[in-house]
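What follows is a set of notes on a single structure, which appears directly below.
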Amino acid sequence: MNLSEVQAQKRRYGIVGNSEGVNHAVNVALQVAKTDLSVLITGESGVGKEAIPRIIHDNSLRKSKKYFAVNCGSIPEGTIDSELFGHEKGAFTGAVGEREGYFGAANGGTLFLDEVGELPLATQARLLRVLETGEYIRVGSSEVRKTDVRIVAATNVNMAKAIRDGRFREDLFYRLNTIPIKMPALRERGDDVVLLFKKFAMDTAEKYNMPEPVELTEAAQMRLKKYPWPGNVRQLKNLTEQISILSPERVITPEVLDDYVPDTPTSHDIVPVNTRNESHSFENEREILYKILFDLRNDVMELKKQMQSQRGAADMTGVPMKSSQQERPITYYHQDVTYPVAHTSKNDEEFQTPEEYIEETLSLDDWERQMVIKALEKNKGKRKLAAQDLKISERTLYRKIKEYGLDKDFDE
Ligand SMILES: Nc1ncnc2c1ncn2[C@@H]1O[C@H](COP(=O)(O)OP(=O)(O)O)[C@@H](O)[C@H]1O
Ligand SMILES: [Mg+2]
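Counting with our numbering, you get residues 82 to 493 for the letters of the sequence shown.
Here's what the structure looks like:
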């Protein structure tokens, strides 16, 4: 990585932070800028995805040409095709004049498709075509037009799930994702939280002619580093502005922060996190979240076991299992049988298909394995202590170690 170039770009675009994840993202953006490859930026809301397409465009051979940023999530479904691809006069009611559309207007330049996961399926088909052939057709026209546009897209949607749910075309995903760039969540950036707080505090002080910016005590810095930041940098920015303007104290202690930082993250409000309790055995909220999921998962497994024994053997089939699951009392049901599961999404799907169930179970296995590894590593392989951390019996842990093939790595 050319670190000095990365630092220069960060300065140019006001990107604060030295964490590896951010440096990596900027570096990849620089490396691919001069190519015409499509880039897909992923990351939670508020992580700073919007700086990346600018870096790409401004460092590309297209920099003297047009750059457009389109927020696909904010354009109504009825007009999005015409916004992107243009329309002919009279193409639909209200189309008094013709319209060029972004793909025409950005010819030779770069188009940033923000929130691309929100595109309707019909628009996805048009987009795939223009990406593959450089050709598109205006709404209400039959004339094929050519354009040369470089696409950078961004999403905070879980694309794997969107594809599974049939909301996003898999072929388009692969086409967009030629170069993936992941912007890390703020809670994964360590000291960056403090640097960003300082920056936003200085910006606010300057903007409002305050004699001096607010400052954090050491303990307050720790508190910010431990907070999970569901709204990421955007949330930190708002919070810093609020504190700067509202707090009579200029030296910010954890007690002052308590008045501003919500106890429970609003967008992930499933986890009641007590950050003041230092006695918990995991280092941060993320791990507590895993812990809660781990417990939840064991409960679900238990429930499924009970369901299975209640249903009896009659309506079960022998869908093959992973060998690691052979000893597990889980059986998958016939295609046409659905059954309730614990609510995992905000949608009103009460039922899961067997495929979804299998997939979910497999990925749950993955992170259960991670949990077991984490607990063992933390306790230097001591199974008794690891079992205590995981709140499972030593016997269960022993079984899981075997099941996940960890006995060689963690031999007591
Ligand atoms: N590393 C950073 N340094 C400074 N400001 C940042 C940084 N990351 C994000 N921001 C600011 O946070 C806000 C949200 O960023 P944005 O790019 O809109 O997020 P996203 O598009 O990922 O939701 C913007 O005001 C942006 O300027
Ligand atoms: Mg955004």
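Ideal placement from N, C-alpha and C gives every residue a C-beta, glycine not left out.
Q. Near Y217, what residues of its chain come up, given a Cβ to Cβ distance below 7 Å and the 5 sequence neighbours on each side ignored?
A. In the sequence shown, counting from the first residue as 1, residue 217 sits at position 136. Only F166, F184, R207, R210, V211, R226 and T228 meet the Cβ criterion.
Q: Might you give, ordered along the chain, the residues of its own chain that have their beta carbon closer than 8 Å to the beta carbon of A467, omitting 5 neighbours on each side?
A: Here residue 467 is taken as the residue at index 386 of the sequence shown, counted from 1. Contacts found: V453, A456, L457, K459, N460 and L478.
Q: Evaluate A132 with the Cβ neighbour count: other Cβ atoms within 10 Å of its Cβ, from every protein chain shown; 16 or more gives buried, anything less gives exposed.
A: What you label residue 132 is simply residue 51 of the sequence shown in a count that begins at 1. Answer is buried; the Cβ neighbour count reaches 16.
Q: Check the Cβ-Cβ distances between H105 and every residue of chain B, and say whether any is below 7 Å.
A: Of the chains in the structure shown, none is chain B; there is only one protein chain.
Q | Check: E449 C-beta below 6 Å from any heavy atom of ligand 2 | A | If you number the sequence shown from 1, residue 449 lands on position 368. In this structure, E449 has its beta carbon at no less than 6 Å from each heavy atom of ligand 2.
Q | DSSP state of N104 mapped onto helix, strand, coil | A | Translated into positions along the sequence shown, residue 104 becomes position 23. Here N104 sits in helix by DSSP.
Q. Secondary structure at P261, three-state DSSP: helix, strand or coil?
A. Counting from one through the sequence shown, the residue named residue 261 turns up at place 180. The answer is strand: DSSP assigns P261 an E or B state.
Q: Please confirm whether any heavy atom of ligand 2 lies closer than 6 Å to the CB of E131.
A: Stepping through the sequence shown from its first residue, residue 131 is reached at position 50. Yes, ligand 2 has a heavy atom inside 6 Å of this Cβ.
Q.
Distance check for G129 and I137, CA to CA, integer angstroms please.
A. Here the question's residue 137 lines up with position 56 in the sequence shown. Here the question's residue 129 lines up with position 48 in the sequence shown. Straight-line Cα distance between these residues: approximately 14 Å.
Q | Distance CB(L118)-CB(I260) smaller than 7 Å | A | If you number the sequence shown from 1, residue 118 lands on position 37. If you number the sequence shown from 1, residue 260 lands on position 179. Closer than 7 Å, so yes.
Q.
Just to confirm my understanding: we take E269, look at its own chain, exclude 5 residues before and 5 after, and list those with CB closer than 8 Å. What are they?
A. For the purposes of this step, residue 269 is identified with residue 188 of the sequence shown, where counting begins at 1. Excluding sequence neighbours, E269 sits near S100 and G102.
Q: Output yes or no for whether 7 Å exceeds the beta carbon distance between S325 and N237.
A: As a position in the sequence shown, residue 325 is number 244, starting the count at 1. As a position in the sequence shown, residue 237 is number 156, starting the count at 1. No, the pair does not count as a contact, with Cβ atoms beyond the cut-off.
Q: Go through its chain and collect everything with a Cβ distance to N152's Cβ below 7 Å, but skip five positions before and after it.
A: If you number the sequence shown from 1, residue 152 lands on position 71. Around N152: D195 and E196.
(Q) Judging by CA-CA distance, which residue of K263, E179, D340 and L253 is the nearest neighbour of H105? (A) On the sequence shown, position 24 is the one that residue 105 refers to. It is K263 whose Cα lies nearest to the Cα of H105.
(Q) Buried or exposed for Y308, going by 16 or more other Cβ atoms inside 10 Å? (A) Indexing the sequence shown from 1 puts residue 308 at position 227. Residue environment for Y308: buried (at least 16 other C-beta atoms within 10 angstroms of its C-beta).
(Q) Am I right that T298 and I244 are in contact with their C-beta atoms under 8 Å? What's the rounded C-beta distance? (A) Numbered from its first residue, the sequence shown carries residue 298 at position 217. Numbered from its first residue, the sequence shown carries residue 244 at position 163. About 46 Å separates the two Cβ atoms, so there is no contact after all.
Q) Within the present structure, is the beta-carbon of K288 separated from the nearest heavy atom of ligand 1 by less than 6 Å? A) Your numbering for residue 288 matches position 207 in the sequence shown. Checking the Cβ of K288 against ligand 1 gives no.
(Q) So, under 8 Å CB-CB, V97 and L276 are touching, yes? Tell me the CB distance rounded to an integer number of Å. (A) Here the question's residue 97 lines up with position 16 in the sequence shown. Here the question's residue 276 lines up with position 195 in the sequence shown. Indeed, because the Cβ distance is near 5 Å, the residues count as touching under 8 Å.
Q: Could you check which residue in D252, L305, F491 and G486 has the C-alpha nearest to that of K465?
A: Here residue 465 corresponds to residue number 384 of the sequence shown, with the count starting at 1. Answer by Cα proximity: F491.
Q. How about A235 and I161: do their beta carbons lie closer than 7 Å?
A. As a first step, residue 235 is located in the sequence shown; it is residue number 154 there, counting from the start. As a first step, residue 161 is located in the sequence shown; it is residue number 80 there, counting from the start. Contact: no.
Q) From L200, G124, E475 and E449, pick the residue whose C-alpha is nearest to that of G159; which is it? A) Locating residue 159 in the sequence shown gives position 78, where the first residue counts as 1. G159 has its Cα closest to that of L200, out of L200, G124, E475 and E449.
Q: Under 8 Å by Cβ, that's how I've got L338 and R304 pegged, so tell me the actual separation to the nearest angstrom.
A: Mapped onto the sequence shown, residue 338 falls at position 257. Mapped onto the sequence shown, residue 304 falls at position 223. About 5 Å separates the two Cβ atoms, so the contact holds.
Q: Tell me, to the nearest whole angstrom, how far the beta carbon of F249 is from that of Q302; I am working on the premise that it is less than 8 Å.
A: Translated into positions along the sequence shown, residue 249 becomes position 168. Translated into positions along the sequence shown, residue 302 becomes position 221. Going by Cβ atoms, the distance from F249 to Q302 rounds to 40 Å, so no, they are not a contact pair.
Q | Nonlocal neighbours in the same chain, by C-beta distance under 6 Å from P335, ignoring five residues either side | A | For this step, residue 335 is matched to residue 254 along the sequence shown. Excluding positions up to five away in sequence, the list reads A300, A301 and R304.
Q) Exposed or buried, which one is T191 when buried takes at least 16 other CB atoms within 10 Å? A) Residue mapping note: residue 191 aligns to position 110 of the sequence shown, counting from 1. That one is buried.
(Q) Does E408 come out as helix, strand or coil in the three-state DSSP assignment? (A) Along the sequence shown, read from residue 1 onward, the residue named residue 408 stands at position 327. Confidence at E408 is low in this model, with a pLDDT of 34, below 50, so the placement of that residue should be treated as unreliable; the coordinate-derived value is given next. Three-state result, E408: coil.
Q) Is the distance from the Cβ of V233 to the Cβ of V120 below 7 Å? A) Residue mapping note: residue 233 aligns to position 152 of the sequence shown, counting from 1. Residue mapping note: residue 120 aligns to position 39 of the sequence shown, counting from 1. In contact: V233 and V120 (Cβ atoms closer than 7 Å).
Q | Candidates R135, G154, I156 and S155: closest to K146 by CA position | A | Taking the sequence shown and counting its residues from 1, one reaches residue 146 at position 65. It is R135.
Q. Excluding sequence positions up to five away, which residues of its chain have a Cβ less than 8 Å from the Cβ of V107?
A. The residue given as residue 107 occupies position 26 in the sequence shown. Hits under 8 Å: V87, Q90, K91, I96, I133 and I136.
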